[in-house]
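Trainee: For reference, the structure I am asking about is given below.
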């Protein structure tokens, strides 16, 4: 509960009367004591209640306490007793009426004291924990009044204060500085404070409603209240501004209700006056007429007074706050403005007020825009559009554009707003507007798409004029004509859109609104079947294709439901009711299509495209029950299925048929006994045909088939492959048939390319099925050896096919080999030891090198070569490039999966990582994901691979430069290698502690692992002493990676002169790209290690050949806390540079070559470090030997080198 403010009143003289409000001070003093002692006895409660907020009144009417009724009700309910008005309102709605009645009684008795209580209530609702001081304003012409109306900071007391005029009061509100921290009741979290907001708004409304017949027109209450809220809503303090703005607009809404009641009273009195006036003169009562006329005048005066109050609030609060910087305040203003327009349209519903709504529809915050759109929906629904014609014309484009709002809620409500406008204003939206809006049925956000679908259905499909039935037509014919008219309207919209061909997404958008039409499978299929009475209304070929796609989409939607791919984050969890509805729909579609589908398959048996869609329908059948009638229909369906797959070889059709057979032949289902024999006969027929053709075509180990036999072999292989993907066909010995074909092609050649590809696919599917089923039972050693020999034989054949003359055969062999190796790796990971001997196979090094060579030759090809390969049109070239890019991405993804699944060694990924920058636009996402996955597998090996990648590129570049060949497109330049290193460093992320392992590996070799481990253990001991958990037991692989690079540069180098530098010294510039990921202790460790290979004289050498060393040293020493190379490089050897001249990144250009520049040693003593002794600050220049490190670990003594590792900052004396 927010602390109660203190209200101090002064006894001042107004004209000739004295207003005594001193009781308020003692009242709040007792109330505050009461708040601190809520757990005392009942006697204490009664005593506090007798001295409650307004207990001391001058009039006996309120002598029993201002809140006695409210308090008694709270006590009867067993709640905590409320003392202040703020507490009473916070407790709930039950006592709100009694609270207001008690306050009105108190106001009638002593209006000044009661009004001060109300003022204190609004201040306290703002979260104010300060003090309120009130004094009476004596003269309206006081010269110092304007100077007192301030809001400032009292520097002496450290308090903020606001002094303002709430006539007849001059109020001073004082609060501490921390009130702007953001915590006040309206924004506090929790259910209690959410209820408080509604209670607060209700209190304002009930207060005005209860006062409308008494004190509201006394010229004192509302004038003071409006003045108070206007001044506080203009405060710089958010709490005052937010709370009082809400109170002011709710007050205006309550006054609108009062004005409406007065308008009704005026109308009733006016009608009564007219009735009385229409009477005959002898029966007319003149006093009654005069009395009615006076009442009308009195009511009109009150209404005018209320409208003046509303105008004062609108101009004083709304016009200032509807543009407030706080979006919640702007949203409140727009929400209440819509309420005023809807309730009191005679005053507020005009262009003078509507313009604010139009302006705020461009607000940056979605909540404000949403309030505007929701309010406009209510206005257009009330048939008030005639008063909004100018607004509609002016802001129509904005309302249409809001359907593209980045906030989905705003876009959805904008779509509903356009729907309401189209219903109330027929001619506002043009056909182009409708066309653009209806395209949202294809958007990825499903709620917006379904709203657009509802709009489309209401506008096009549910129009009663869409179909006029013929005279004398029967009910089925009328229904068929109605379905036909709606479908043709939908076809017209689908073809006019010219953007999308995805009927499935259209059905998903219309499912909630047009579900009855889409589930009318009887009516939809009747359009496809011949109908004797409506031959003139037959569908065209294109319309029939659309209806078939519509039927398939509706069947899928009924069986599986949303979301579709691209709509929704994941699988929707359906409840029991939705599940029951889904099962009922599946049952209905099964009962219908099992009877109708054979006839449809027979009708479209020559059209492969339509047949493909129809063959997918059995996949959604409900196959739990099977009676005699369904058995007959199932036999007819299986017969048509067999006819379709025998006649066509289209890949999509065969896949659809194979999936349908899989569903119909599922185990433990009633339909299995009927469907499985038909499936077995079909496969046996194809196998016999293929064996016969191969026996005729393969003679003397050569392929001698004619064209017809070749086509027959090819079509049979395609069918068997399509069905072998869906079900295991191993018992028909397809692997041996494919082996016969490949053996002939490998030894003698002459096999058609397509036959070779299908043979590879057939053998691949057989191997994968055997791997999948291997180990299901107890596996013997002989069986494992047989399976392994078969797997090895297939891999050898694929290896031979990688050098095939046809590129498509080579690519197919690569993909099959990748799939089989990954499946074998998965089988090993999931192997159960109780199943016997596992199937072990490891690709030999020749095969691994062949896979790598294949990727280099077929994936990383130069785009210039593809451009000049043939002269084709630009569009054909663009389409060809996209297809070629898609093919190469599939090949690279397959190879990367071999790395990720540990089929190939991680070092085999170095050639792929080399192309990260060069082919970033084409394969950047695949390579980056491979980098992340390999790092998760083994951080050390991943770092070694990156080192290998960079060093190989660098050595290749150096060799080409030595030969004088620098123009080869296959050789990456030095800048591209440096950029590659930078990209590698970015993949380590921002968390240096997590990436410390991997980055360290970039600088190390195997023989330095042990010293690195010792250094880590030493630093871990120091970190325990200082309670620092930085390393958490990880080996600093990034440090080791840097060491490896340093060793690579200085390997075998013997300096002969000052100008003589290592041949690979420029590699240090590439290595510097990883320095930003090093932790500060690691940087100092690497710098110490660098000093081992380069003496101080070499480090300070300013020759041009040593500039990479200077750059690398600057990257190590100059990136800590804003320090860079300028902090360590100076043209004056005796003076350190100033800290004011700093740069973010080290730059070699900033080095002054005229002077002797030096780097500050990391062992320098930090300035101002009073805790370390002079001995501790001395750090040796060379790293410790292995013996020294080992002895330190045994004796549990930390060497001084750890101080060098643990230094975080280096201060430079100015």
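Residue numbers (the numbering used here): -9 to 1204.
From the three backbone atoms N, C-alpha and C, an ideal C-beta is built for every residue, glycine too.
It should be emphasised that the depicted structure is a prediction, and the values quoted were computed from it without experimental measurement.
1) Am I right that residue 243 and residue 234 are in contact with their C-beta atoms under 8 Å? What's the rounded C-beta distance?
2) Return the Cβ separation of residue 436 and residue 552 in integer angstroms, given the expectation that the two are a contact with Cβ distance under 8 Å.
3) For residue 327, I'd like the list of residues in its chain whose CB is within less than 6 Å of its CB, leaving aside the five on either flank, ordered along the chain.
4) Considering only C-alpha positions, which residue in the set 788, 828, 402 is nearest to residue 837?
5) Which value, in whole angstroms, describes the spacing of the CA atoms of residue 951 and residue 1063?
6) Rounding to the nearest angstrom, what Cα-Cα distance links residue 796 and residue 721 in this structure?
7) When burial is assigned at 16 or more other CB atoms within 10 Å of the CB, is residue 1206 buried or exposed?
8) On the three-state DSSP scale, how would you describe residue 689?
9) Use the C-beta contact count for residue 298: other C-beta atoms within 10 angstroms, 16 or more gives buried, fewer gives exposed.
10) Classify residue 232: buried if its beta carbon has 16 or more other beta carbons within 10 angstroms, exposed otherwise.
11) So which of 965, 933, 947, 961 has the shortest CA-CA distance to residue 974?
12) Give me the residue from 1106, 762, 1055 with the minimum Cα distance to residue 1096.
13) Which same chain residues end up closer than 6 Å to residue 924 when comparing Cβ atoms and leaving out the 5 residues on each side of it in sequence?
14) Measure from the alpha carbon of residue 76 to the alpha carbon of each residue in 96, 106, 88, 111, then state which is nearest.
15) Expressed to the nearest angstrom, what Euclidean distance is found between the alpha-carbon atoms of residue 464 and residue 512?
16) Note down, in chain order, each residue of its chain lying with its Cβ closer than 6 Å to the Cβ of residue 695, except the 5 sequence neighbours on either side.
17) To the nearest angstrom, how far is the alpha carbon of residue 563 from that of residue 573?
18) Starting from the Cα of residue 1213, find the closest Cα among 443, 609, 104, 640 and give me that residue.
19) Using the Cα positions of residue 929 and residue 541, report the straight-line distance between them to the nearest angstrom.
20) What span of residues does the alpha helix (DSSP H) with residue 330 cover, start to end?
21) Report buried or exposed for residue 315, applying the criterion of at least 16 other Cβ atoms within 10 angstroms of its Cβ.
22) By Cβ distance below 6 Å, which residues in the same chain neighbour residue 804 in space, the five residues on each side in sequence not counted?
23) Can at least three beta-carbon pairs, one atom from the stretch 420 to 440 and one from the stretch 464 to 481, be found at a separation below 8 Å?
24) DSSP three-state call for residue 849: helix, strand or coil?
25) By DSSP, does residue 355 sit in helix, in strand, or in coil?
26) Contact check, residue 256 vs residue 289 under 8 Å by CB: the rounded distance?
27) If you draw a straight line from the alpha carbon of residue 185 to that of residue 80, how long is it in whole angstroms?
28) Residues in its own chain within less than 8 Å of residue 216 by CB, not counting five upstream and five downstream?
29) Determine the direct distance from the alpha carbon of residue 916 to that of residue 764, and round the result to whole angstroms.
30) Report buried or exposed for residue 515, applying the criterion of at least 16 other Cβ atoms within 10 angstroms of its Cβ.
31) Based on Cα-Cα distance, which residue from 495, 494, 517, 502 lies nearest to residue 466?
32) Only counting the same chain, and skipping five residues up and downstream in sequence, which positions put a Cβ closer than 7 Å to that of residue 594?
33) On the premise that residue 1106 lies in contact with residue 1065, defined as a C-beta separation below 8 Å, what is that separation, rounded to the nearest angstrom?
34) By the three-class DSSP mapping on this structure, what secondary structure does residue 547 have?
35) Quick test of the definition: if touching needs 3 or more C-beta pairs under 8 Å, does the stretch 409 to 422 touch the stretch 532 to 539?
36) What residues in its chain sit with their C-beta under 6 Å from that of residue 1073, if we drop five residues either side in the sequence?
Mentor: According to the structure data:
1) As a position in the chain shown, residue 243 is number 253, starting the count at 1. As a position in the chain shown, residue 234 is number 244, starting the count at 1. About 15 Å separates the two Cβ atoms, so there is no contact after all.
2) Residue 436 sits at position 446 when you count from the first residue of the chain shown. Residue 552 sits at position 562 when you count from the first residue of the chain shown. 6 Å between Cβ atoms; contact.
3) Position 337 of the chain shown holds residue 327. The beta carbon of residue 327 lies closer than 6 Å to none in the same chain, with the five residues before and after it left out.
4) Within the chain shown, numbered from 1, the residue matching residue 837 stands at position 847. Looking at the Cα atoms, 788 is the closest of the given residues.
5) Against the chain shown, residue 951 aligns to sequence position 961. Against the chain shown, residue 1063 aligns to sequence position 1073. Cα to Cα, residue 951 sits roughly 23 Å from residue 1063.
6) For the purposes of this step, residue 796 is identified with residue 806 of the chain shown, where counting begins at 1. For the purposes of this step, residue 721 is identified with residue 731 of the chain shown, where counting begins at 1. So the alpha carbons of these two residues sit roughly 31 Å apart.
7) Here the chain comprises residues numbered -9 to 1204, so residue 1206 is not present and cannot be evaluated.
8) Locating residue 689 in the chain shown gives position 699, where the first residue counts as 1. Here residue 689 sits in strand by DSSP.
9) Counting from 1 along the chain shown, the entry for residue 298 is found at position 308. By the beta-carbon neighbour count (other beta carbons within 10 angstroms, threshold 16), residue 298 is exposed.
10) Sequence index remark: in the chain shown, residue 232 carries index 242 (1-based). Burial call: buried.
11) By one-based count along the chain shown, residue 974 stands at place 984. The residue from 965, 933, 947, 961 with its alpha-carbon nearest to that of residue 974 is 933.
12) Here residue 1096 refers to the residue found at position 1106 of the chain shown. Nearest neighbour of residue 1096 by Cα position, chosen from 1106, 762, 1055, turns out to be 1055.
13) Here residue 924 is taken as the residue at index 934 of the chain shown, counted from 1. The answer, listed in chain order, is 896, 932.
14) As a first step, residue 76 must be located in the chain shown, where it is residue number 86. Closest option to residue 76, Cα to Cα, is 111.
15) The residue you call residue 464 lines up with position 474 of the chain shown. The residue you call residue 512 lines up with position 522 of the chain shown. Between residue 464 and residue 512, the C-alpha separation is close to 16 Å.
16) Along the chain shown, read from residue 1 onward, the residue named residue 695 stands at position 705. Excluding sequence neighbours, residue 695 sits near 687.
17) Position 573 of the chain shown, counting from 1, holds the residue named residue 563. Position 583 of the chain shown, counting from 1, holds the residue named residue 573. Taking the Cα positions, residue 563 is about 15 Å away from residue 573.
18) The chain is shown only over -9 to 1204; residue 1213 falls outside these bounds and no answer can be derived.
19) In the chain shown, the residue the question calls residue 929 occupies position 939. In the chain shown, the residue the question calls residue 541 occupies position 551. Across the structure, residue 929 and residue 541 are spaced so that their CA atoms are roughly 53 Å apart.
20) The sequence position of residue 330 within the chain shown is 340, counting from 1. Following the DSSP letters along the chain, one finds residue 330 inside the alpha helix (DSSP H) bounded by residues 317 to 333.
21) One-based indexing of the chain shown puts residue 315 at position 325. The residue is exposed, with fewer than 16 neighbouring Cβ atoms inside 10 Å.
22) Indexing the chain shown from 1 puts residue 804 at position 814. A distance below 6 Å between beta-carbons, with the five flanking residues on each side excluded, links residue 804 to the following residues of its chain, in chain order: 844.
23) Taking 8 Å as the limit for Cβ pairs, the verdict is that the stretch 464 to 481 does not touch the stretch 420 to 440.
24) As a first step, residue 849 must be located in the chain shown, where it is residue number 859. Per DSSP, reduced to three states, the secondary structure at residue 849 is coil, with no helix or strand assignment.
25) By 1-based counting over the chain shown, the position of residue 355 is 365. Coil.
26) As a working mapping, residue 256 is identified with position 266 in the chain shown. As a working mapping, residue 289 is identified with position 299 in the chain shown. The beta-carbon separation of residue 256 and residue 289, rounded to 5 Å, stays under the 8 Å limit for a contact.
27) For the purposes of this step, residue 185 is taken as the residue at position 195 of the chain shown. For the purposes of this step, residue 80 is taken as the residue at position 90 of the chain shown. Looking at the backbone, the Cα of residue 185 and that of residue 80 are separated by about 8 Å.
28) Counted from its first residue, the chain shown places residue 216 at position 226. Excluding sequence positions up to five before and after residue 216, its CB lies within less than 8 Å of the CB of 238, 241, 299, 302, 303, 306, all in the same chain and listed in chain order.
29) The residue given as residue 764 occupies position 774 in the chain shown. The residue given as residue 916 occupies position 926 in the chain shown. It is roughly 32 Å from the alpha-carbon of residue 764 to the alpha-carbon of residue 916.
30) For the purposes of this step, residue 515 is identified with residue 525 of the chain shown, where counting begins at 1. Residue 515 should be labelled buried.
31) As a working mapping, residue 466 is identified with position 476 in the chain shown. It is 517 whose Cα lies nearest to the Cα of residue 466.
32) Start at 1 with the first residue of the chain shown, and residue 594 comes out as number 604. Cβ neighbours of residue 594 beyond the five flanking positions: 600, 601, 604.
33) As a first step, residue 1065 is located in the chain shown; it is residue number 1075 there, counting from the start. As a first step, residue 1106 is located in the chain shown; it is residue number 1116 there, counting from the start. In this structure residue 1065 touches residue 1106 by the C-beta definition: roughly 6 Å separates them, less than 8 Å.
34) As a working mapping, residue 547 is identified with position 557 in the chain shown. The DSSP-derived three-state label of residue 547 is helix.
35) With the cut-off at 8 Å, the stretch 409 to 422 and the stretch 532 to 539 do not touch.
36) On the chain shown, residue 1073 is found 1083 positions in, with the first residue counted as 1. Cβ neighbours of residue 1073 beyond the five flanking positions: 1106.
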